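Written below as structure tokens is the structure these notes are about.
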Amino acid sequence: MFTWPYSLLWHIIYALRVNAGKEIAARKPERFGKATQVCPEGNLLYCHGASVGEAVSLFPLLDHYLAEGHFRILVTTYTKTSAQMVAQRYGDRLIHQFIPYDHPAYVSKFLDYWKPERVIWTESELWPAMLSAIKKRHIPAALINARLSPRSLARWQRIKKYAQKMLSTFSIILTQTKADADNFKSLGLKNIHALGNIKYAAAPLPYDDAKLAALQVIINTRPAWVYASTHKGEEEIAVETHKTLKATFPNLLTIVVPRHPERREAIADAFRSETLNILFRGQEKTLPNADTDIYVADTLGDLGLFYKLAPIAMIGRTLSDDGGGGHNPLEAAQLDCAILHGPHVQNLQAIFDELHAAHACIAVENKDALIATISDLLTHAEKRLKLQEKAKAFIDAKKKILVDLIWALDHTFNLGRE
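Right, here's the structure in full:
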């Protein structure tokens with residue numbers, strides 16, 4: 001096959017991503033199918049989660065299989081941030097590689113070396129060359145936490161036979177909702193089951209008790225809120241919200257946790273003309289002081305710390321410039337936050353709908369509504385506490401999903417348990 005133009009395209013994409021700071025140069029071989037670690041002996045389970053949300057949703061399952069000891073585990077991700085999250089949580093207990101670019105030669109080199117015995121893919125980012133190669137090698141595969149929006153379904157319907165061929169790689173598809181399951185079934189696929197969202201099964205985000213105690217001493221009785229997993233445009237919303245609220249709550253602390261810490265320079269540029277006292281946490285883990293207005297937690301893996309610290313959490317990418325889609329609100333629920341979000345939650349619509357049905361979160365349409373809601377919750381502690389309690393009760397009632405997921409995978413993969 002004459003594939004060199006396709007190969008050249010991937011090399012160009014790689015170069016652009018390096019220039020944008022989205023790649024780790026020392027790990028370039030992985031993008032082109034060459035391993036940078038030694039393949040372990042024994043049964044290898046290969047799991048893929050493209051970015052932070054998908055990778056984190058795999059953690060409960062990875063914890064289970066690591067504890068069980070039946071498999072050696074290989075995890076691939078696409079983004080640098082998700083790779084750092086996996087490394088931070090698991091260290092050398094499993095192997096992480098960046099997923100190779102979706103070129104048949106790179107994919108073949110990858111699979112020929114690792115020789116996985118089972119494959120678990122999560123959510124909605126599908127790589128045709130990789131899935132085709134998995135199918136040709138007759139490797140049992142499952143797609144978990146799958147979602148298929150009406151918009152995506154309409155696109156797949158136009159190339160229905162191709163979609164069927166690619167998705168038939170999976171022996172089972174476990175979806176987030178019944179609507180997702182119905183959408184997959186309309187493509188003519190079989191063995192589709194609506195299991196629910198495995199994000200419900202995730203363990204609470206970790207935090208360091210000593211770091212939390214140190215921050216609590218510094219903050220003392222100051223009112224605080226966190227804008228979590230922010231994207232472009234949302235840091236400015238946080239600043240404008242703080243300015244307005246400061247008139248009523250002069251001692252207010254606003255904590256901003258960017259989704260991608262590597263955006264720190266762009267965020268700093270956006271704040272350069274501000275007269276507020278803005279402090280970046282940075283790699284030195286600098287602590288705020290009594291004069292800090294905005295504390296930018298531009299460090300990886302600290303979101304749990306700031307959810308535990310601040311009683312009110314605004315979920316990022318729900319008011320962002322890019323049209324949003326939302327991030328996981330369950331992480332905030334697990335750590336006792338009162339949850340707020342903007343209108344753009346389409347990526348996690350079912351979760352937000354269920355939270356609303358349980359009266360466990362508040363939707364704000366814009367910055368003005370965000371200001372009014374935070375002001376109300378800071379003024380009326382009983383309202384805030386009630387919202388926190390309902391969110392925690394909601395998530396606690398959802399833990400059984402991990403048991404159902406493991407059962408489904410064990411039966412799909414013929415993993416008998418003694």
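The numbering of the sequence shown is the working numbering, which starts it at 1 and goes up by one.
Idealized CB from N, CA, C, for every residue including glycine.
Since we're looking at a predicted model, the values are computed, not measured.
According to DSSP, residues forming a beta bridge with residue i
i	result
Gln97	Thr76
Pro258	Thr230
Cys47	Val75, Ile120
Leu153	According to DSSP, Leu153 bridges with nothing at all.
Met314	Tyr227, Leu340
Lys362	In the sequence under discussion, the amino acid at residue 362 is Ile, which differs from the Lys named in the question. Beta-bridge pairing links Ile362 to Leu340.
Val296	Val256, Phe280
Leu245	Leu245 pairs with nothing; no bridge assigned.
His193	Leu174
Ile144	Thr122
Option nearest residue i by Cα separation, candidates the options
i	options	result
His138	Ala146, Pro116, Arg151	Pro116
Thr175	Leu16, Ile198, Ala163	Ile198
Leu195	Arg259, Ala181, His356, Ser132	Ala181
Ala201	Thr248, Ile395, Pro5, Asn414	Ile395
Leu9	Arg27, Glu23, Ala25, Phe32	Phe32
Leu409	Ile371, Ser375, His193	His193
Ile278	Glu382, Asp209, Glu236	Glu236
Leu143	Leu94, Gln88, Ser57	Ser57
Lys243	Ser82, Ala381, Ile371, Ile73	Ile371
Ser149	Ala87, Gln346, Ile134	Gln346
Leu303	Ala133, Asn289, Pro329, Arg158	Pro329
His96	Ala290, Ala55, Tyr106, Thr177	Ala55
Ala238	Pro258, Asn145, Lys160	Pro258
Arg263	Ala133, Phe280, Ala67, Ile219	Phe280
Phe352	His70, Leu378, Gly325, Asp368	Gly325
Ile219	Phe170, Pro204, Pro261, Asn289	Asn289
His356	Asn145, His380, Leu387	Leu387
Asn414	Gln37, His70, Ala270, Leu131	His70
Val226	Ala146, Ala179, Ser171, His341	His341
Leu402	His11, His64, Gly42, Ile12	His64
Ala420	Ser132, Lys178, Thr177, Ala179	Nothing about residue 420 can be read from this structure; the chain reaches only from 1 to 418.
Val38	Ala67, Lys22, Phe110, Ala105	Phe110
Gln349	Glu265, Lys178, Tyr207	Lys178
Asn145	Ala369, Arg158, Trp121	Trp121
Lys392	Thr412, Trp407, Cys337	Cys337
CB contact flag (residue i, residue j, <8 Å)
i	j	result
Val52	Thr76	no
Pro223	Asn251	yes
Ala360	Ala333	yes
Leu62	Leu405	no
His327	Ile315	yes
Lys390	Ala358	yes
Lys28	Tyr14	yes
Phe59	Arg89	yes
Ile374	Leu276	no
Gly301	Met85	yes
Asp112	Ala129	no
Ala203	Trp114	no
Lys211	Leu305	yes
Val107	Ala141	no
Leu378	Phe249	yes
Thr169	Ile134	yes
Thr426	Pro261	Nothing can be reported for residue 426: it is not among the residues displayed for the chain, which extend from 1 to 418.
Glu41	Pro100	no
Asn43	Arg17	no
Asp376	Lys367	no
Looking at C-beta atoms only, is the number of pairs between the segment 107 to 126 and the segment 36 to 55 that lie closer than 8 Å three or more? yes
Measuring CB atoms only, is the segment 172 to 191 touching the segment 138 to 155, in the sense that at least three cross pairs come out at less than 8 Å? yes
Any contact between the segment 317 to 325 and the segment 224 to 238? By contact I mean 3 or more CB pairs, one from each, below 8 Å. yes
Pairing CB atoms from the segment 210 to 218 with CB atoms from the segment 301 to 313, are three or more of them under 8 Å? yes
Which parts of the segment 152 to 184 are runs of the alpha helix (DSSP H), unbroken and 4 residues or longer, counting only runs that do not cross its ends? 160 to 167
Is the segment 239 to 255 touching the segment 289 to 296 in the sense that three or more CB pairs, one from each, lie closer than 8 Å? Yes, the segment 289 to 296 is in contact with the segment 239 to 255.
Complete beta strand (DSSP E) runs within the segment 6 to 63 (minimum length 3 residues, chain order): DSSP assignment within the segment 6 to 63 yields the following whole beta strand (DSSP E) runs of 3 residues or more, N-terminal first: 44 to 48.
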